[in-house]
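The UniProt record's numbering numbers the first residue of the sequence shown as 1 and each following residue consecutively.
The beta-carbon is built from N, C-alpha and C at its ideal position, and this holds for glycine as well.
This report concerns only the one structure given below.
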Amino acid sequence: MSVPYKIEASEELLLGGTQGEQQPRASERIPIIARPFVSDRAKKTLDIVEKFVEEECIPADSIYAQQVGEGVVNRFSAHPPILEDLKKRAQELGLWNMFLPKNHFKEGAGFSNLEYGLMAEHLGKSHIASEATNCAAPDTGNMEVFAKYGTQEQKDKWLKPLLAGKIRSAFLMTEPDVASSDATNIELSIKKEGNEYVLNGSKWWSSGAGDPRCKIYIVMGKSDPNNSSPYKQQSVIFVPAETPGITIKRMLSVYGFDDAPHGHGHLVFDNVRVPTSSICLGEGRGFEVIQGRLGPGRIHHAMRSIGAAEKALEYFLARMNDPRKKPFGKQLHEHGVMLERAARSRVEIDASRLQVLNAAIMIDSKDAKFALKEIAEAKVLVPDMALKVIDRAIQAYGGAGVCQDTPLANMWAHGRTMRIVDGPDEVHLIQLGRNENKKGKFMHQKIEWQKKKSEEMARSYGIEKRDVLQLDRQHSKAKL
Ligand SMILES: Cc1cc2nc3c(=O)[nH]c(=O)nc-3n(C[C@H](O)[C@H](O)[C@H](O)COP(=O)(O)OP(=O)(O)OC[C@H]3O[C@@H](n4cnc5c(N)ncnc54)[C@H](O)[C@@H]3O)c2cc1C
């Protein structure tokens, strides 16, 4: 055993217990409609993931937070030892790189999007479980970019150490001076000079850039501002984090949380030079790269958010049954409104899970493009659901819910960003609404046709078509 903490033989402690009050293990809780798509190997791994998260990662979360230390400079150069221990442990257990789907990449652990989605739900219950298993964003999406679009040289240099969990990466698209949810606005300049590209501009919300282990940036910028197609003006380029001319000006907080050491950076690029071989896929193909990057990643975020919602509900149930807490003489579970909130949370989590798993099955059956609608639905539905569930738990804890005594406040802050990250709700809703509205003309015609048909049917039965509540009552003038 390579970790310094004690691993107990706690088979029955948390999972699959015998007391009737504990829940069956993860593989037995897979929704019935998804079960035929899950291999026995994935079921076994899912149970190991659940046990690893519940018994090792969640207890380690607060240790990790403490080991990150204090002060901006220290926090953003911290390398908590517990994380490296958990990484070793995860590798021993065979829990490594489960996110790379088997039908598209040979480099991963050989699971489908659905199978990994089920695992990601459990990873989402701990702050550090995703990184411990090398399944953390933004590395997951970035590794997909290297695996999908990288040259052999780029793969050897960046994908290999990323897959080994030796380095981390950041994806730099968003800029402080433009509305970045519309990627055509991105304006960091990429100019070719001889056998180099020269980059000038600034980026912010560069997640992961705070960590000194973050060695590679995937940067989107404008390489051809005069191209007649706004979708061909952008390129994506690989930039080593230590290239001269890059300054990490400051880190950004999320509702006061600094997310150190990973963090979210505000960076300036001042005449940053990289060789032309650093381009991803080719000049002007930036949109292709960012679109290819996001599909499965949104499913991962959604499934982790479902895990967060499950954890919030666990906290809610724990508080409802805390014998020390009896407002107005009764424990919270004796107040009907709380039972209703528990029930609503259960209904909403279960419905959202089915939606996301359906999207994952659709990606597996073809590709992310085939599941665009379902992915967008998950992107909008799940954060909204998770925020409601977490908020109910916060409310049940009163003052304790908004402070550092439970993970709920941090989970809410993180969950809230999910309505903005990877494109705000509105962008996905407008797309979904437009697509939905494409059926509008047909629906109008269909309903008019049905009305006419109904009139014809009435005539064939010799019935005069009347309103169901037709009254035709008349008051005689004489009586008035
Ligand atoms: C915690 C966190 C981590 C992030 N990590 C990264 C990262 O690693 N890399 C990266 O590049 N970016 C990252 N981002 C940035 C994120 O992707 C952007 O903030 C997001 O795309 C929105 O862009 P913007 O902030 O420029 O807002 P804008 O594009 O200015 O949009 C502002 C608001 O305008 C409204 N709006 C936008 N479009 C429409 C529309 N079509 N119809 C109606 N209303 C609309 C929405 O309410 C939207 O929230 C992160 C953000 C956060 C909060």
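- Going by DSSP, I299 is part of the alpha helix (DSSP H) stretching over 286-320.
- By the Cβ test, the region 381-396 is in contact with the region 316-331, since at least three Cβ pairs between them sit closer than 8 Å.
- When DSSP reads this structure, S235 sits in a beta bridge with G221.
- Ranked by how close their Cα comes to the Cα of V219, the residues R273, N195, D259 have R273 in first place.
- In the DSSP assignment, F171 falls within the unbroken beta strand (DSSP E) covering 168-172.
- Per DSSP, N200 is one residue of the beta strand (DSSP E) stretching across 196-207.
- Under the three-state reduction of DSSP output, P59 falls in the helix class.
- With a cutoff of 8 Å on beta-carbon distance, G117 and M303 are scored as near each other.
- As the crow flies, the alpha-carbon of V347 is around 12 Å from that of A386.
- Counting along the chain, the unbroken beta strand (DSSP E) around M251 starts and ends at 246-252.
- In this structure, A137 sits near H300, with a CB-CB distance shorter than 8 Å.
- Here the distance from the Cβ of F171 to the nearest heavy atom of ligand 1 is below 7 Å.
- Note on geometry: alpha-carbon atoms of N74 and I363 lie some 42 Å from one another.
- Counting along the chain, V382 sits inside the alpha helix (DSSP H) bounded by residues 372-397.
- The beta carbons of A170 and A209 sit closer together than 8 Å.
- Within the DSSP bridge table, the entry for R273 names V198 as partners.
- Taken through DSSP and simplified to helix, strand or coil, G165 comes out as coil.
- Cβ contact annotation for T174 (same chain, cutoff 7 Å, sequence separation greater than five): S180, K203, W204, W205, in chain order.
- In the three-state reduction of the DSSP assignment, H266 falls in the strand class, which pools E and B.
- In the three-state scheme derived from DSSP, where H, G and I count as helix and E and B as strand, S229 is classed as coil.
- Going by beta carbons, S77 and P261 fall inside the 8 Å limit.
- DSSP, reduced to helix, strand and coil, places F257 within a strand of the structure shown.
- Per DSSP, reduced to three states, the secondary structure at F111 is strand.
- The Cβ atoms of K311 and K453 lie no closer than 8 Å to each other.
- At least one heavy atom of ligand 1 sits closer than 7 Å to the Cβ of W205.
- Listed in chain order, the alpha helix (DSSP H) elements of length 4 or more contained wholly in the region 133-158 are 139-149.
- Rounded to the nearest angstrom, the Cβ distance from D270 to N200 is 6 Å, consistent with a contact under 8 Å.
- Going by beta carbons, A359 and E340 fall outside the 8 Å limit.
- Between L294 and G141 a beta carbon distance of about 7 Å is seen, short of the 8 Å cut, so the two are scored as contacting.
- Contact check between the region 87-100 and the region 48-65: three or more CB pairs, one atom from each, fall below 8 Å, which counts as touching.
- One Cα belongs to L162, the other to K446, and the distance between them is close to 54 Å.
- Under the DSSP definition of a beta bridge, C214 partners with R168.
- Contact between S345 and V389 holds, since their C-beta atoms are separated by about 5 Å, short of 8 Å.
- The beta carbons of A129 and C57 sit about 4 Å from each other, so the pair counts as a contact at 8 Å.
- Take the alpha-carbon of P24 and the one of S39: they are about 18 Å apart.
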